[in-house]
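S.K.: One structure coming up, written as structure tokens, with questions to follow.
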Amino acid sequence: MEYRYKRVYGGRVQLVVFDWAGTTVDFGCQAPVEAFVAGFRDKGVEVSVAAARIPMGMEKRDHIKAMAEFDEVAAAWKRVHGRAIGDRDIDILYDDFAGHLLNSIEAKSTLLNGVVEVAALLREDGVKIGASTGYFSDAAEIVVNKAGESGYKPDFAVCASDVEGGRPAPWMLYRVMEALQVYPPEAVINVGDTPVDMATGLNGGVWSVGIALTGNQMGVSEQELAALDPVEYKRRLGEARKSLYRAGAHYVIDTITEFPRVVAQINDCLARGERP
Numbered sequence: 001m002e003y004r005y006k007r008v009y010g011g012r013v014q015l016v017v018f019d020w021a022g023t024t025v026d027f028g029c030q031a032p033v034e035a036f037v038a039g040f041r042d043k044g045v046e047v048s049v050a051a052a053r054i055p056m057g058m059e060k061r062d063h064i065k066a067m068a069e070f071d072e073v074a075a076a077w078k079r080v081h082g083r084a085i086g087d088r089d090i091d092i093l094y095d096d097f098a099g100h101l102l103n104s105i106e107a108k109s110t111l112l113n114g115v116v117e118v119a120a121l122l123r124e125d126g127v128k129i130g131a132s133t134g135y136f137s138d139a140a141e142i143v144v145n146k147a148g149e150s151g152y153k154p155d156f157a158v159c160a161s162d163v164e165g166g167r168p169a170p171w172m173l174y175r176v177m178e179a180l181q182v183y184p185p186e187a188v189i190n191v192g193d194t195p196v197d198m199a200t201g202l203n204g205g206v207w208s209v210g211i212a213l214t215g216n217q218m219g220v221s222e223q224e225l226a227a228l229d230p231v232e233y234k235r236r237l238g239e240a241r242k243s244l245y246r247a248g249a250h251y252v253i254d255t256i257t258e259f260p261r262v263v264a265q266i267n268d269c270l271a272r273g274e275r276p
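Printed below as a string of structure tokens:
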């Protein structure tokens with residue numbers, strides 16, 4: 001007689017992997033958006049901020065390639081250059097983007113309210129903290145160092161250029177799990193502010209939590225947020241939350257300050273034998 005056994009993890013959350021821009025630093029993901037727009041402008045092509053935001057969370061060359069495939073961007077490029085955009089153009093755009101990003105990223109990467117306090121609460125509960133980003137290593141290092149100066153130091157940080165493929169592949173998540181010796185995936189939460197972040201968590205078999213208000217989907221700076229009338233504020237925040245849920249988020253919160261409540265809810269789910 002043959003039997004099959006189902007093993008169920010009933011422990012607690014052991015690891016949280018936070019994104020950087022829009023999640024823990026850089027309110028509204030301003031640094032990468034401005035760098036993408038400026039890189040295309042260097043080649044005489046105007047692209048919208050909306051187009052620059054759609055692939056956010058991906059490795060940055062992949063992000064530019066995705067932008068180039070949008071109808072509005074492809075048409076604008078062809079009007080200026082008389083031909084379709086090619087791989088060599090993508091390489092040049094990436095180099096331009098990288099230069100713009102490195103010039104602005106430190107000033108833009110201010111730590112968001114509540115990050116230090118939330119990290120302290122997690123560590124008090126024995127939870128390890130990882131960080132991942134679609135940035136390349138030089139840009140990621142700047143962000144890590146500035147965050148450290150402000151009191152936020154993940155136990156391990158990884159960027160897209162450290163792995164074979166960036167988001168939505170789960171390799172950065174797995175690299176953090178390996179480095180911090182945490183398994184199974186059910187014990188891990190991935191936190192980000194884009195649909196690509198949510199897809200990454202799902203692909204990795206971990207819990208996915210979306211950040212709506214401070215992130216790419218809301219897409220405003222703190223100053224722009226303060227200037228929104230209440231109706232527009234509510235509409236935009238509602239759309240941001242919906243976009244993250246549509247991408248598969250298990251939970252969506254407005255800011256990182258709400259995150260400890262979500263960890264408690266996930267711990268309750270795990271105690272009941274539930275999985276992501």
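Its first residue numbered 1, the sequence shown is counted upward by one per residue in this note's numbering. Don't be surprised by glycine CBs; every beta carbon is placed ideally from N, CA and C.
1) Could you have a look at Phe204 and say whether DSSP puts it in helix, strand or coil?
2) According to DSSP, simplified to helix, strand and coil, what is Thr257?
3) Using three-state DSSP, classify Val73 as helix, strand or coil.
4) Assign Gln30 to buried or exposed, taking buried as 16 or more other Cβ atoms, counted over all protein chains shown, within 10 Å of its Cβ.
5) In whole angstroms, what is the alpha-carbon distance linking Val118 and Phe259?
6) If you draw a straight line from the C-alpha of Asn190 to the C-alpha of Gly201, how long is it?
7) Give every residue of the same chain whose Cβ lies closer than 8 Å to the Cβ of Leu310, excluding the five residues on either side of it in the sequence, and list them in chain order.
8) Let me know the alpha helix (DSSP H) ranges lying completely inside the stretch 134-189, each 4 residues or longer, listed in chain order.
9) Using DSSP with H/G/I as helix, E/B as strand and the rest coil, what is Val80?
10) Start and end of the beta strand (DSSP E) containing Val17?
11) Helix, strand or coil, according to DSSP, for Lys128 in the structure here?
12) Val163 and Pro185: beta carbons closer than 8 Å?
13) Classify Leu111 as helix, strand or coil using the three-state DSSP reduction.
14) Near Ile211, what residues of its chain come up, given a Cβ to Cβ distance below 6 Å and the 5 sequence neighbours on each side ignored?
15) Would you call the stretch 118-131 and the stretch 81-88 touching, i.e. three or more CB-CB distances under 8 Å?
16) Measure from the alpha carbon of Gly248 to the alpha carbon of each residue in Glu239, Ser208 and Asn113, then state which is nearest.
17) So, for Val262: in the same chain, excluding its five sequence neighbours on each side, which residues have a beta-carbon less than 7 Å away from its beta-carbon?
18) Might you give, ordered along the chain, the residues of its own chain that have their beta carbon closer than 6 Å to the beta carbon of Leu93, omitting 5 neighbours on each side?
19) If you draw a straight line from the C-alpha of Leu244 to the C-alpha of Pro195, how long is it?
20) Mind checking who Tyr251 pairs with in its DSSP beta bridge?
21) Ser132: which of Gly114, Lys153 and Gly126 sits nearest, CA to CA?
22) Thinking C-beta only, is Met172 closer than 8 Å to Val158?
23) According to DSSP, is Gly192 part of a helix, a strand, or is it coil?
M.R.: Concretely, from the data shown:
1) Looking up residue 204 in the sequence shown gives position 204. It is worth fixing the name first, because residue 204 is Gly in this sequence and not Phe. Gly204 falls in the helix class under three-state DSSP.
2) As a position in the sequence shown, residue 257 is number 257, starting the count at 1. Looking at Thr257 - three-state DSSP - the assignment turns out to be helix.
3) Position 73 of the sequence shown, counting from 1, holds the residue named residue 73. In the structure shown, Val73 sits in a helix (DSSP, three-state: H, G or I).
4) As a working note, residue 30 is residue 30 in the sequence shown. Around the beta carbon of Gln30, 16 or more other beta carbons lie within 10 angstroms, which makes this residue buried.
5) For the purposes of this step, residue 118 is taken as residue 118 along the sequence shown, with counting starting at 1. For the purposes of this step, residue 259 is taken as residue 259 along the sequence shown, with counting starting at 1. If you take the alpha carbons of Val118 and Phe259, they lie about 7 Å apart.
6) Within the sequence shown, the letter at position 190 stands for residue 190. Within the sequence shown, the letter at position 201 stands for residue 201. Rounded to the nearest whole angstrom, the C-alpha separation of Asn190 and Gly201 is 6 Å.
7) Residue 310 lies beyond the residue range present for the chain, which begins at 1 and ends at 276; the question has no answer from this structure.
8) Listed in chain order, the complete alpha helix (DSSP H) runs (minimum 4 residues) inside the stretch 134-189 are 137-149 and 171-180.
9) If you number the sequence shown from 1, residue 80 lands on position 80. Helix, per DSSP.
10) In the sequence shown, residue 17 corresponds to position 17, counting from 1. Residues Leu15 to Asp19.
11) Position 128 of the sequence shown, counted from the first residue, corresponds to residue 128. Strand at Lys128.
12) For this step, residue 163 is matched to residue 163 along the sequence shown. For this step, residue 185 is matched to residue 185 along the sequence shown. Result no, Cβ atoms of Val163 and Pro185 do not sit closer than 8 Å.
13) For this step, residue 111 is matched to residue 111 along the sequence shown. Look at Leu111 here: in three-state DSSP terms it is strand.
14) For the purposes of this step, residue 211 is identified with residue 211 of the sequence shown, where counting begins at 1. Cβ within range, chain order: Thr23 and Asp193.
15) Judged by Cβ distances under 8 Å, the stretch 118-131 makes no contact with the stretch 81-88, as fewer than three pairs qualify.
16) On the sequence shown, position 248 is the one that residue 248 refers to. Looking at the Cα atoms, Ser208 is the closest of the given residues.
17) If you number the sequence shown from 1, residue 262 lands on position 262. Val209, Tyr251 and Ile253, listed in sequence order.
18) For the purposes of this step, residue 93 is identified with residue 93 of the sequence shown, where counting begins at 1. Apart from sequence neighbours up to five positions away, the residues of its chain that approach Leu93 with a beta-carbon distance below 6 Å are Gly39 and Ile64, ordered along the chain.
19) Taking the first residue of the sequence shown as position 1, residue 244 is located at position 244. Taking the first residue of the sequence shown as position 1, residue 195 is located at position 195. If I take the Cα positions, the gap works out to 6 Å.
20) The sequence position of residue 251 within the sequence shown is 251, counting from 1. BP columns for Tyr251 point to Val209.
21) As a working mapping, residue 132 is identified with position 132 in the sequence shown. Ranked by Cα distance from Ser132, the options Gly114, Lys153 and Gly126 are led by Lys153.
22) In the sequence shown, counting from the first residue as 1, residue 158 sits at position 158. In the sequence shown, counting from the first residue as 1, residue 172 sits at position 172. Contact annotation: Val158 and Met172 have beta-carbon atoms nearer than 8 Å.
23) If you number the sequence shown from 1, residue 192 lands on position 192. Strand at Gly192.
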